[in-house]
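Just so we're aligned: the sequence shown equals residues 18 to 192 in the working numbering.
A virtual CB, placed ideally from N, CA and C, is assigned to each residue, including glycine.
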Amino acid sequence: MDYNIYLTGFSGTGKTTTGKALARILRVTFIDMDYEIENIQGKTIPQIFDMCGEEGFRQIETKLLKEISSVTGQIVSTGGGVPTFDENRRIMSNAGKIICLTAKPEILLQRLKGHAEAAGEKAARPMLLSDCPLARIRRLLSERENSYSKSDLVVNTEILEPEAVAKKIIERLSL
């Protein structure tokens, strides 16, 4: 594979689990941007947000995206906000294909609650810290809809297991 596959979409759509399955099937490297940022910074994403603000965090994301994109043949799971910036979409488009994973807000909320319960406090999901997390998810999805729609491929993950999503991506990209 002479390009990268960038998995984008809202928290809970399955970017990481699908990315791992896709990388395993294609026998290529998998990179989770959020994990890499936490590793490099030595802090959790919420801690980075608290210290640097959203603008500072987004700068860190873009810098990492540039570094990652200098190499091809990788599966990259991005943070949900990455494709909302023109520069990031341009970086991804120049180095590969952008795949947006989607699901209904109610399913996303259910998945995010499940992740938080399974991982305990370590899973500090900003969406769940709201008084009305479902309304917050809907609002953010609406704000990001235009950016997500500019992807090369959109795959609904509501009723598919990550392995099936990965196989669908492979089929649709003729890999």
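- Exclusion of the five residues before and after A183 leaves T35, A38, L39, I42 as the residues of its chain whose Cβ lies within less than 7 Å of its Cβ.
- Just so you know, the alpha carbons of R155 and G31 end up roughly 17 Å apart.
- Non-local beta-carbon contacts of R128 in its own chain, meaning distances under 7 Å to residues more than five positions away in sequence, involve G29 in chain order.
- For F102, there is no enclosing beta strand (DSSP E), since its DSSP letter is neither H nor E.
- Just so you know, the alpha carbons of V171 and L81 end up roughly 24 Å apart.
- Taking each of I57, Q91, V88, T89 in turn and checking the Cα distance to E78, the smallest one comes out for I57.
- Note on N163: under 16 other CB atoms within 10 angstroms of its CB, so exposed under the neighbour-count rule.
- Note on geometry: alpha-carbon atoms of P100 and R106 lie some 5 Å from one another.
- Every alpha helix (DSSP H) of 4 residues or more that sits fully in the stretch 155–191 is shown, in chain order, as 179–189.
- Proximity to E175 across R153, S168, E160, F27 peaks at F27, based on C-alpha coordinates.
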